[in-house]
Amino acid sequence: MKREQMNHNKNEHLLKTIFSKSILVCIIAFSAVFAQDSTESKISLGVLKLETAGMSVKSSLALSASLRNALLSTNLYKVYNHTKIQALLTQTKQELSLECFSPECVMELGERLGLDKIIFGCVDKNREYHEIILTMVDIKSKRVEKSSNIKKSVASITTDSLLRLTVMRMHNMDTLKTKSVPADPETHNAKKLFYTSGLCMGLGLLLAAVDGGLFDLNLSKQFDTFSLSDISSSIFQLPFFARPAALGDGYIAGSNDAYGVLYNPAGTAWAKGPEVALGYQYGYSMLNNFSVSYVDKAAKKVGFGQCLLYSADVDNLQRDIYFISALSYKFTRLYPLPWPASIGVSVKLGTTNSPESENATASQKTFCGGLDFGLFMPINDNISFAAVLNDAPGLRKVNNTTTEIRYLEYEPIRFNLGGTFQTGHTDYNTFIIYQGQIPLYDDQHWHLSGGIEQELFRVIKLRLGLKKIAYADSPWLITGGFSLKVNTESIAAKYLILDGSYQYNTLVVFPSLNISFRVGF
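By my numbering, the letter at position 15 of the sequence shown is numbered 66, and the numbering carries on one by one without gaps.
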């Protein structure tokens with residue numbers, strides 16, 4: 052009985068195998084016939100060599116091959132590349148130049164060869180941007196049927212990916228729902244991450260131990276029941292760098308540079324390369340603020356940054372020193388969202404010191420520490436979104452050396468949402484940024500800010516911004532600034548950017564001035 056059952060199972064398995072393989076053969080045969088029929092019905096399209104500027108001959112030929120492959124991927128055309136067109140000319144014994152870069156020339160060529168359509172275009176590339184222009188001509192109707200023109204920064208997308216994007220957009224296959232993310236280059240900077248982060252956090256802990264009373268753990272019990280305000284007094288609400296200051300100090304969605312280490316740790320994963328920023332602010336007629344930051348990639352999808360802040364008033368009544376270390380990871384897609392995104396965290400260690408002096412009623416040493424969590428999400432090549440939780444948690448350990456009272460207090464959590472939009476062409480880019488701090492407690496208020504940046508001739512940028520805290524007595528902050536970019540590849544660094552800003556408020560008191568430098572390597 053068992054043997055009969057085994058034979059039955061074997062026969063059943065054999066029949067299933069034969070049936071499945073027969074189905075597979077039929078599908079392959081049907082696909083081959085269908086593919087042949089569809090190829091015969093496809094539109095014949097000639098692809099001319101791309102006119103290129105700022106590229107080698109080898110790169111130009113590779114791009115022309117990429118154009119052919121991108122057109123084939125649409126499954127609409129029977130594509131004739133430069134070699135096939137030359138063969139057609141030889142076969143028909145015609146002598147025509149293939150150096151065609153105008154619709155009239157292309158139409159004549161298409162008529163002679165009997166093609167339905169011809170596509171031609173150009174690629175313009177420099178150190179910062181590349182731009183691709185494609186034009187498709189319909190030979191029968193003798194008109195330009197389709198055209199597409201896209202310009203992006205070199206750091207944001209490869210030229211090959213930009214070419215494919217241009218073809219897709221020409222055929223309305225790009226819905227702008229996702230960002231075209233270039234393949235991240237191989238990067239091996241893990242040692243630099245460990246060394247710089249270790250140094251930054253080590254100095255922060257050392258300063259906290261020496262100057263902030265970190266390890267003096269005896270607390271005064273009478274302060275345990277004190278209620279605290281939910282309005283933050285953190286110095287991180289000051290605009291330490293000029294570009295963010297000129298744009299209304301709402302920068303979490305533009306944080307993919309060295310300035311952004313202060314605003315959103317998730318932005319470091321989108322850094323274009325190693326960059327250092329130096330900043331100085333003279334603010335509110337009494338503060339001298341200095342800042343230094345550094346951002347780089349540790350691996351293909353890992354970014355990091357370090358920052359040092361120093362703030363002191365002119366009378367030396369209070370001094371703040373902070374060390375910040377940020378780390379982020381980039382996801383090709385962050386489920387369930389359809390877009391690429393990065394998440395990041397930054398650790399803040401610092402001290403607030405009020406030394407003994409004739410003008411001070413008390414002296415104190417305060418250790419400050421906290422964590423910030425960020426999200427950075429480029430929805431497409433024009434729009435980005437960001438969110439940041441600040442001081443989640445944030446802690447201050449106050450050690451009053453005059454009264455010998457010691458207590459802990461927690462910084463209120465702050466939640467910010469922001470976004471950017473940019474558009475324009477080769478020489479004139481427009482960048483818009485906005486941000487809102489959403490109240491999480493009863494005594495917190497909305498903070499609304501935004502700005503616009505206009506690029507002129509690739510080297511100059513002009514900025515204008517506004518900021519308002521949403522309660523009646525709050526003044527409007529009106530900000531403005533400029534940027535000047537200098538190519539320094541012949542010296543050492545890739546570029547040097549000078550940023551300046553000025554903040555005016557409607558109370559006509561306490562203006563602030565910022566000067567910053569960014570150096571890219």
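Built from N, CA and C at the ideal position, the CB exists for glycine as well. Small disclaimer: the values here were computed from a predicted structure and weren't measured.
Rounded to the nearest angstrom, what separates residue i and residue j at their Cα positions?
{"i": "Lys168", "j": "Ala443", "result": "60 Å"}
{"i": "Val218", "j": "Thr210", "result": "12 Å"}
{"i": "Gly249", "j": "Phe482", "result": "36 Å"}
{"i": "Trp390", "j": "Ser435", "result": "10 Å"}
{"i": "Ala206", "j": "Thr238", "result": "15 Å"}
{"i": "Ile566", "j": "Gly551", "result": "5 Å"}
{"i": "Val560", "j": "Leu549", "result": "26 Å"}
{"i": "Lys242", "j": "Phe355", "result": "12 Å"}
{"i": "Tyr335", "j": "Leu360", "result": "17 Å"}
{"i": "Phe508", "j": "Thr539", "result": "17 Å"}
{"i": "Ser117", "j": "Val537", "result": "33 Å"}
{"i": "Arg514", "j": "Asn340", "result": "22 Å"}
{"i": "Leu535", "j": "Val510", "result": "6 Å"}
{"i": "Gln35", "j": "Ala113", "result": "Outside the displayed span of the chain (52 to 572) sits residue 35, for which this structure offers no information."}
{"i": "Thr453", "j": "Leu265", "result": "17 Å"}
Measure the CB-CB distance between residue i and residue j and report whether it falls below 8 Å.
{"i": "Gly501", "j": "Tyr522", "result": "no"}
{"i": "Ala392", "j": "Val312", "result": "no"}
{"i": "Thr403", "j": "Thr417", "result": "yes"}
{"i": "Val449", "j": "Tyr461", "result": "no"}
{"i": "Ile94", "j": "Lys129", "result": "yes"}
{"i": "Tyr479", "j": "Glu504", "result": "no"}
{"i": "Lys176", "j": "Ala104", "result": "yes"}
{"i": "Leu96", "j": "Leu166", "result": "yes"}
{"i": "Phe282", "j": "Pro406", "result": "According to the sequence shown, residue 282 is Ile rather than Phe. Cβ distance not < 8 Å, so Ile282 and Pro406 don't count as in contact."}
{"i": "Ile170", "j": "Thr186", "result": "yes"}
{"i": "Phe292", "j": "Ala328", "result": "yes"}
{"i": "Ala304", "j": "Thr471", "result": "yes"}
{"i": "Tyr333", "j": "Ser563", "result": "yes"}
{"i": "Val195", "j": "Gly161", "result": "no"}
{"i": "Val157", "j": "Tyr131", "result": "no"}
{"i": "Ala297", "j": "Gly532", "result": "yes"}
{"i": "Leu338", "j": "Asp364", "result": "yes"}
{"i": "Pro316", "j": "Ser192", "result": "no"}
{"i": "Gly253", "j": "Gly469", "result": "no"}
{"i": "Ile456", "j": "Ser285", "result": "no"}
Whose C-beta lies closer than 6 Å to the C-beta of residue i among residues of the same chain, with five residues either side of it excluded?
{"i": "Asn556", "result": "Pro526, Leu528"}
{"i": "Ile489", "result": "Phe466"}
{"i": "Gly638", "result": "Residue 638 falls outside the range modelled here, since the chain spans only 52 to 572, and no answer is possible."}
{"i": "Gly299", "result": "Ser500, Gly501, Gly502, Gly516, Leu517, Lys518, Thr530"}
{"i": "Asn441", "result": "Asp423, Arg465"}
{"i": "Ser342", "result": "Phe291, Gly330, Leu360"}
{"i": "Gln33", "result": "The first residue shown for the chain is 52 and the last is 572, placing residue 33 beyond what the model contains."}
{"i": "Ser115", "result": "Lys100, Leu101"}
{"i": "Ile375", "result": "Cys358, Ser397, Lys399"}
Quick one: what's got a C-beta closer than 8 Å to residue i's C-beta in the same chain, skipping five residues either side?
{"i": "Glu326", "result": "Asp308, Ala309, Tyr345, Val346, Asp347, Arg569, Val570, Gly571, Phe572"}
{"i": "Lys545", "result": "Arg178, Gly324, Asn538, Thr539, Gly571, Phe572"}
{"i": "Tyr180", "result": "Lys202, Lys203, Ser204, Val205, Thr477, Arg509"}
{"i": "Leu122", "result": "Leu96, Val98, Tyr128, Val130, Ile170, Val218"}
Would DSSP call residue i helix, strand or coil?
{"i": "Ser379", "result": "strand"}
{"i": "Met219", "result": "helix"}
{"i": "Ile464", "result": "coil"}
{"i": "Ser285", "result": "coil"}
{"i": "Pro429", "result": "strand"}
{"i": "Met187", "result": "strand"}
{"i": "Lys203", "result": "strand"}
{"i": "Tyr553", "result": "strand"}
{"i": "Lys243", "result": "helix"}
{"i": "Arg178", "result": "coil"}
Going by beta carbon distance, what residues of the same chain come within less than 7 Å of residue i, once the five residues before and after it are set aside?
{"i": "Gly420", "result": "Lys399, Leu400, Leu446"}
{"i": "Leu127", "result": "Lys93, Ile94"}
{"i": "Leu244", "result": "Ala349, Phe355"}
Just tell me which of the options has its CA closest to the CA of residue i.
{"i": "Leu256", "options": "Thr454, Asp366, Tyr373", "result": "Tyr373"}
{"i": "Arg163", "options": "Glu179, Gln137, Glu182", "result": "Gln137"}
{"i": "Arg119", "options": "His133, Met106, Pro562, Gly330", "result": "His133"}
{"i": "Leu101", "options": "Cys151, Leu558, Leu258, Leu547", "result": "Cys151"}
{"i": "Tyr380", "options": "Arg370, Cys358, Asp364, Lys351", "result": "Lys351"}
{"i": "Ser198", "options": "Cys173, Glu179, His181, Met337", "result": "Cys173"}
{"i": "Asp262", "options": "Leu558, Asp524, Ser115, Asn451", "result": "Asn451"}
{"i": "Ser124", "options": "Trp497, Ile208, His222", "result": "His222"}
{"i": "Ser414", "options": "Asp432, Gly425, Asn367", "result": "Asn367"}
{"i": "Gly395", "options": "Pro295, Leu122, Thr247, Val439", "result": "Val439"}
{"i": "Val353", "options": "Thr247, Asn240, Glu182", "result": "Asn240"}
{"i": "Ala320", "options": "Pro429, Pro295, Ile520, Leu214", "result": "Pro429"}
Using 7 Å as the cut-off, classify the Cβ of residue i as near or not near the heavy atoms of the ligand ZN, replying yes or no.
{"i": "Leu139", "result": "In terms of ligand content, the structure shown is empty, and the ligand ZN therefore cannot be addressed."}
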